[in-house]
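Have a look at the structure below, then the notes.
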Amino acid sequence: MKREIFDKEAFKKEVKDNVRMLYRKDLEEASEQEIFQAVSYAVKEVIIDQWMETQSSMKREDSKVVYYMSMEFLMGRALGNNLINLTAYQAVAEALEEMGLDLNVIEDQEPDPALGNGGLGRLAACFMESLSTLGYPAYGCGIRYRYGMFKQKIKDGFQVEVPDNWLKDGYPFELRRPEYTYEVKFGGYVRAVNTPDGRVKFVQEGYQSVKAVPYDMPIIGYNNHMVNTLMIWDAEPAECFELDSFDKGDYRKAVEQENLARNLVDVLYPNDNHIAGKELRLKQQYFFVSASVQRAIARFKKMHSDIHDLPKKVAFQLNDTHPTVAVAELMRYLLDEEELQWDDAWNITTQVCAYTNHTIMAEALEKWPIEIFSRLLPRIYQIVEEINRRFILQIQEHYPGDNGKIERMAIIYNGQVKMAHLAIAAGHSVNGVARLHTEILKNQELKDFYELFPDKFNNKTNGITQRRFLLHGNQLLAKWVTDHVGEEWITDLSKIEKLTLYVDDEKAQHEFMNIKYQNKLRLAKYIKEHNGIDVDPRSIFDVQVKRLHEYKRQLLNVLHIMYLYNELKEHPDMEFYPRTFIFGAKAAAGYKNAKLTIKLINSVAEVINNDKSIQDKIKVVFIEDYRVSNAEWIFAAADVSEQISTASKEASGTGNMKFMLNGAVTIGTMDGANVEMAEEVGKENMFIFGMSSDEVIAHEKNRDYDPMQIFNNDQDIRKVLMQLINGFYSPQDSELFRDLYNSLLNTQCTQYADTYFILADFRSYAEAQKAITEAYKDEKGWAKMAMLNTAHSGKFSSDRTIEEYVRDIWHLEKLTVEPEK
Ligand code: 26Q
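Going letter by letter, the sequence shown gives residues 214 to 1034 in the numbering used here.
Dropping the structure here:
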């Protein structure tokens, strides 16, 4: 039974009162944004009680807590999801309707908090939600960027980045907690001081400091009264008089210090799977990590006197290497503040810290020049040097005389600090994010480390929360699923497998596809409003939405569309099932080929959509500003899910799972979690194509791949590639797409041409696409396949993932939160 939380009349009154209190207006005069704020504050009322209950029972039970440290939390809008998890969505929708208001419209007023780039940030958000739903005590630790991921505008087919000022109207779900302010120190130097009892103490002097002030956001569990906390840190200038005594009266330093605080949390770096080795980025990392470590320890010490018990009560999970300075910061605290011996401190640190790897892309492995690192974090650098010194001794002991090992494994080498090596050496767990990815880490990328520390390595296949991506995003299907298998799937997605009972039932097939059709209508309307393009909801909706990256191969998709168009033009009477190709993707602002690919997609769309002769058989749509809020609608409406990365390059993928849950059929490579999806649903219910990861890795090793050969021997491919440089899609400037052409064929441009094996996989991709058309024509067959995908998506709940982290790495206990009498 769901507990009724909302007294409808009281809620209505609360909303009206809030409008008066906040804006001195009656409901009738209030803007939609003001009503959103008033509704959100009314919801916050309810949340606050549960939040306080949760925090007091965490104290009472003295629970072990995980601190999930991440530079990114891509939360998406909170209002709708909070209502869903409070099981108050329907009641609130009705209450608002009685007031003449539409909850959907109000939800749409919320800014989309986009404090993340893509997969890694969204994973952190799904994990927080699952932790609360499962009842595990947790804090998310991150940064309150004033500007999150940029908003994308498409102008003349090109991406234009617009700042995302998400805080401009005030964000109702955050709570400033100035009582938990900490100081974070940068720069200066370290002085060794002899203490009266004959020891040496290290003190940092001449530094600049910043005040870290946390804002808490509630993370609401589904129907269980559990509310965890996401703490995101803002930077405020330390007052001038708080300058280190050494620098008192130094006006220039005071101004510098103030500027540091100003810039520190200004903006999220919009890079995904690529590092920007900028000094400010390292400052951001240390800033939020130092503040979070201080808060975690302060909280621990309120209830415990022996710091050796820290690992019993605290776990730090490092979301990629970005927060890895945490290990050195914890060491610093234990050595300098707690005055522990090295071995003691090291023991505690390794037991507390664990690291998740999200990529094998070489350009995403984080390294910092010693010069920057030691200047910015002098004491931390000393500690990293000592960790490195001891680690090298350990390597030498294990592999006497093997200098290659040291070269490959040292934490500091060649003038650089290697963050992954630090994280592996200083943590007790290293995990990949899908089985294939973890195997590649163990056998290739991190082979040396796996040999030295086999027990640290483990796999945690990613997952997604079904509360946001089905219950909220696809309410029609959610209700239908509940009607067929009961509502247990909401908190135990494995139960959705019971749908297999209905896959041959014609009535069920009909209903399932009808819901898909309704969702396609909803998306078609969105596309009409935003792009002005008419798309036929009866056409196949073929969707690729994700960050734009060469390894994800949006280029393969668009080259194939160009090929299909050529086919249609050459054989106007050929049989052709209408298709709508939908793209959504942001490119990092400085990533040239990615931005050019966006332009290409839009140029191809322009030509094809306006060619009357093909009778609307192909439509191409680029959805502007792909983000969490429109993603929910897009997944719900997809027939075909494009997961076409070069095998071995996509660590896991999580969009793939969201599509599967919503009954889309995947066309994909055997990469990342696609492999496990195929295992769950059966290869016959997916369209798998392309080289295997082993084949890709072998070609990379042997350097024996020659795309020019394919270009010479395949006239269809040749024709498509020539269209990149003959002005077919860019009549004003036939050179516009030259760089894309070069990336495929010209060895001068990159290490080797066609780095991501697009031409190698082209034919196999085209075959798979053809097979999709054939399969779609068989309505019942398709309905069954789509339903089987939903039915076998159970493994890909982030609830399952979190249970595995808890069991193997964090060892937390579930908390029950009793509602107040
Ligand atoms: C690092 C240094 C400086 C600036 C930026 C960065 C940076 C930022 C974001 C590096 C990498 C990222 C993001 C990586 C990411 O999203 N990886 C994805 O993680 C998902 C969750 O595990 C996986 O499903 C995807 O396969 C993986 O690509």
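Where a beta carbon is used, it is the ideal one built from N, C-alpha and C, also for glycine.
Quick one: Cα of M214 to Cα of G434, how far? One-based indexing of the sequence shown puts residue 214 at position 1. One-based indexing of the sequence shown puts residue 434 at position 221. Low per-residue confidence applies at M214: pLDDT is 35, beneath 50, and the placement is therefore not dependable, though the value from the model is reported in the following sentence. Roughly 16 Å between the two C-alpha positions.
Could you give the DSSP three-state label for F754: helix, strand or coil? As a first step, residue 754 must be located in the sequence shown, where it is residue number 541. Strand, per DSSP.
Pairwise C-alpha distance: V279 and G419: As a first step, residue 419 is located in the sequence shown; it is residue number 206 there, counting from the start. As a first step, residue 279 is located in the sequence shown; it is residue number 66 there, counting from the start. Roughly 34 Å separates the two Cα atoms.
Can you tell me whether DSSP reads P427 as helix, strand or coil? Taking the first residue of the sequence shown as 1, we reach residue 427 at position 214. Correct three-state label for P427: strand.
Tell me, which residues are paired with W555 by DSSP? As a working mapping, residue 555 is identified with position 342 in the sequence shown. Per DSSP, none; premise fails for W555.
DSSP three-state call for D447: helix, strand or coil? To locate residue 447, count along the sequence shown from 1; it is residue 234. DSSP places D447 in strand when its eight states are reduced to three.
Check whether the Cβ atoms of F399 and L635 lie closer than 7 Å to each other. As a first step, residue 399 is located in the sequence shown; it is residue number 186 there, counting from the start. As a first step, residue 635 is located in the sequence shown; it is residue number 422 there, counting from the start. Cβ atoms of F399 and L635: not closer than 7 Å.
Under a three-way DSSP split, which group does N570 fall into? Taking the sequence shown and counting its residues from 1, one reaches residue 570 at position 357. N570: coil per DSSP, three-state reduction.
Can you look up R237 in the DSSP assignment and give me helix, strand or coil? Start at 1 with the first residue of the sequence shown, and residue 237 comes out as number 24. Note: R237 maps to coil in three-state DSSP.
Apart from the five residues just before and just after Y360, which ones in its own chain have a Cβ nearer than 8 Å to its Cβ? Here residue 360 is taken as the residue at index 147 of the sequence shown, counted from 1. Once the five neighbours on either side are set aside, the close Cβ partners of Y360 are P376, D377, N378, W379, D479, V480, L481.
Tell me whether the beta-carbon of M873 lies closer than 7 Å to the beta-carbon of S1006. Counted from its first residue, the sequence shown places residue 873 at position 660. Counted from its first residue, the sequence shown places residue 1006 at position 793. Yes, these two residues count as a Cβ contact at 7 Å.
For K398, the residue or residues it bridges with in DSSP: By 1-based counting over the sequence shown, the position of residue 398 is 185. According to DSSP, which records beta bridges pairwise, K398 is partnered with S422.
Identify the residues that DSSP records as bridge partners of I432: which are they? The sequence position of residue 432 within the sequence shown is 219, counting from 1. For I432, which the question treats as bridged, DSSP gives the partners N441.
Please name the residue in C354, G903, N675, T1029 whose C-alpha comes closest to that of G866. Stepping through the sequence shown from its first residue, residue 866 is reached at position 653. For G866, the nearest C-alpha among the options comes from N675.
Roughly how many angstroms separate the alpha carbons of N601 and A798, rounded to a whole number? By one-based count along the sequence shown, residue 601 stands at place 388. By one-based count along the sequence shown, residue 798 stands at place 585. The straight-line gap from Cα to Cα measures roughly 40 Å.
Using a Cβ-Cβ cut-off of 6 Å (strictly less than) and excluding sequence neighbours within five positions of T793, which residues of its own chain qualify? On the sequence shown, position 580 is the one that residue 793 refers to. If we look at T793 and ignore the five residues flanking it on each side, its Cβ neighbours are V748, S752, F754, K832.
Write down the C-beta distance between F924 and L1001 rounded to the nearest angstrom, noting that I regard them as a contact closer than 8 Å. The count along the sequence shown starts at 1 and reaches residue 924 at position 711. The count along the sequence shown starts at 1 and reaches residue 1001 at position 788. With 8 Å as the limit, F924 and L1001 do not qualify as a contact, their Cβ atoms being about 39 Å apart.
May I ask you to report which of helix, strand or coil DSSP gives E1026? For the purposes of this step, residue 1026 is taken as the residue at position 813 of the sequence shown. If DSSP states are grouped into helix, strand and coil, E1026 belongs with coil.
Outcome for L606 when other beta-carbon atoms lying within 10 angstroms are tallied against a minimum of 16: Taking the sequence shown and counting its residues from 1, one reaches residue 606 at position 393. Exposed: under 16 other Cβ atoms inside 10 Å.
Going along the chain, which residues of its own chain have a beta-carbon closer than 8 Å to the beta-carbon of M787, five neighbours each way excluded? Sequence index remark: in the sequence shown, residue 787 carries index 574 (1-based). Closer than 8 Å at Cβ, skipping near neighbours: E780, L781.
What residue range does the beta strand (DSSP E) around A647 cover? Residue 647 sits at position 434 when you count from the first residue of the sequence shown. Where A647 is concerned, there is no enclosing beta strand (DSSP E), given that its DSSP letter is neither H nor E.
Determine which residues share a DSSP beta bridge with A489 and list them. Taking the sequence shown and counting its residues from 1, one reaches residue 489 at position 276. Per DSSP, none; premise fails for A489.
To the nearest angstrom, how far is it from the Cα of S283 to the Cα of Q936? Mapped onto the sequence shown, residue 283 falls at position 70. Mapped onto the sequence shown, residue 936 falls at position 723. C-alpha separation (whole angstroms): 43 Å.
State buried or exposed for G334, treating a residue as buried only when at least 16 other CB atoms are found within 10 Å of its CB. Translated into the one-based positions of the sequence shown, residue 334 becomes position 121. It counts as buried.
Please report the distance separating the alpha-carbon of R216 from that of V259. Residue mapping note: residue 216 aligns to position 3 of the sequence shown, counting from 1. Residue mapping note: residue 259 aligns to position 46 of the sequence shown, counting from 1. For R216, the pLDDT reaches just 47, beneath the cut-off of 50, and the residue's location in the model is therefore unreliable, leaving the point undetermined.
Range of the contiguous beta strand (DSSP E) that encloses G353: Walking along the sequence shown from the start, residue 353 turns up at place 140. Run containing G353: 351-356, per the beta strand (DSSP E) assignment.
Smallest Cα separation from T960: which of Y942, Y978, I930, P920? As a working note, residue 960 is residue 747 in the sequence shown. When only C-alpha atoms are compared, the closest one is P920.
Mapping the DSSP letters down to three states, classify L287 as helix, strand or coil. As a working mapping, residue 287 is identified with position 74 in the sequence shown. In this structure, L287 counts as coil in the three-state DSSP scheme.
Residue nearest to H517 in terms of C-alpha spacing, selected from I774, K272, E1016, E247: Position 304 of the sequence shown, counted from the first residue, corresponds to residue 517. Residue K272 is the option with its Cα nearest to H517.
Reduced DSSP category for G462 - H, G, I as helix; E, B as strand; rest coil: As a position in the sequence shown, residue 462 is number 249, starting the count at 1. Coil.
Outcome for H535 when other beta-carbon atoms lying within 10 angstroms are tallied against a minimum of 16: For this step, residue 535 is matched to residue 322 along the sequence shown. Buried.
Beta-carbon proximity list for N294, same chain, < 6 Å, skipping 5 on both sides: Within the sequence shown, numbered from 1, the residue matching residue 294 stands at position 81. R681, H685.
Do G370 and N815 count as a contact pair if the criterion is CB distance below 7 Å? The residue given as residue 815 occupies position 602 in the sequence shown. The residue given as residue 370 occupies position 157 in the sequence shown. Contact flag set, yes.
Three-state secondary structure (DSSP) of G745: Taking the first residue of the sequence shown as 1, we reach residue 745 at position 532. Note: G745 maps to coil in three-state DSSP.
Rounded to whole angstroms, what is the Cα-Cα separation between L531 and E266? In the sequence shown, residue 531 corresponds to position 318, counting from 1. In the sequence shown, residue 266 corresponds to position 53, counting from 1. L531 and E266: Cα-Cα distance of roughly 28 Å.
Residue nearest to Q609 in terms of C-alpha spacing, selected from E948, M622, A911: Looking up residue 609 in the sequence shown gives position 396. Checking every option, the nearest Cα to that of Q609 belongs to M622.
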